[in-house]
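Residue numbers (the numbering used here): 3 to 201.
The beta-carbon is built from N, C-alpha and C at its ideal position, and this holds for glycine as well.
See below for the structure under consideration.
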């Protein structure tokens, strides 16, 4: 019996390509998981600009790779049983496409399939400040059971490096799919009385 769990990763043109890459690197070779990757054209540009990575280097981190325009791909159908999908980073264009069911490429189509099949969809938007239309689109996706997860850093627990802040967000995102990535971050467990000081 095949117990492999399928997870779709989309990388779009918002800043923050590192989040998609960190997710792929963590999942790469993780026993029991198969990753399906789609990178948009703008996503590929950001991978080169922000991380100096070529498309083929990112493709090598996934089990299955699809062209963003291939609407006949297996992930364009609900027939492929997946745990869900993560779009990291998620551009405002992609957010809008998902919010309005405008399946103009494989990323937005796979997201639409994820929602219609009642599977978990996590969008990682990287934009600030937010316009009212951005907020309304986020509300629409939330109403459809999608999860909006801006990768906001948590500053509790003392000083952290940039890598630690990124890993913390990645660990929390993976947690939505039952992956306990405790090597990436430690959940907040409260402040111990001996650590509290008089205010």
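Return the first residue and the last residue of the alpha helix (DSSP H) that residue i is part of.
i, result
"residue 137", "134-145"
"residue 172", "164-177"
"residue 20", "19-29"
"residue 100", "94-101"
"residue 60", "57-61"
"residue 194", "Per DSSP, residue 194 belongs to no alpha helix (DSSP H) and is neither H nor E."
"residue 45", "43-53"
Please determine, among the options, the residue with the shortest C-alpha to C-alpha distance to residue i.
i, options, result
"residue 9", "101, 133, 191, 38", "38"
"residue 34", "74, 84, 21", "84"
"residue 58", "23, 106, 180, 136", "23"
"residue 148", "126, 17, 79, 49", "126"
"residue 123", "130, 56, 109", "109"
"residue 11", "60, 184, 94, 95", "60"
"residue 18", "90, 133, 142, 97", "90"
"residue 42", "31, 14, 67", "14"
"residue 69", "143, 98, 111", "111"
"residue 140", "103, 98, 179", "98"
"residue 146", "5, 176, 101, 86", "101"
Alpha carbon to alpha carbon, how far is residue i from residue j?
i, j, result
"residue 192", "residue 51", "39 angstroms"
"residue 3", "residue 29", "At residue 3, the pLDDT of 44 sits below 50, so the modelled position is not reliable and the matter cannot be decided from this model."
"residue 169", "residue 25", "9 angstroms"
"residue 27", "residue 77", "21 angstroms"
"residue 167", "residue 152", "13 angstroms"
"residue 49", "residue 40", "13 angstroms"
"residue 105", "residue 186", "33 angstroms"
"residue 131", "residue 82", "37 angstroms"
"residue 135", "residue 72", "29 angstroms"
"residue 195", "residue 156", "21 angstroms"
"residue 44", "residue 16", "8 angstroms"
"residue 137", "residue 184", "31 angstroms"
"residue 80", "residue 119", "6 angstroms"
"residue 182", "residue 65", "21 angstroms"
"residue 63", "residue 128", "22 angstroms"
"residue 53", "residue 36", "24 angstroms"
Can you check DSSP and say which residues form a bridge with residue i?
i, result
"residue 9", "37, 86"
"residue 149", "124"
The beta strand (DSSP E) spanning residue i covers which residue range?
i, result
"residue 115", "It is not in any beta strand (DSSP E) - residue 115 instead sits in the alpha helix (DSSP H) that spans 108-118."
"residue 68", "66-68"
Problem set entry | contact_flag[the segment 109-119, the segment 158-173] where n(CB pairs < 8 angstroms) is 3 or more | no
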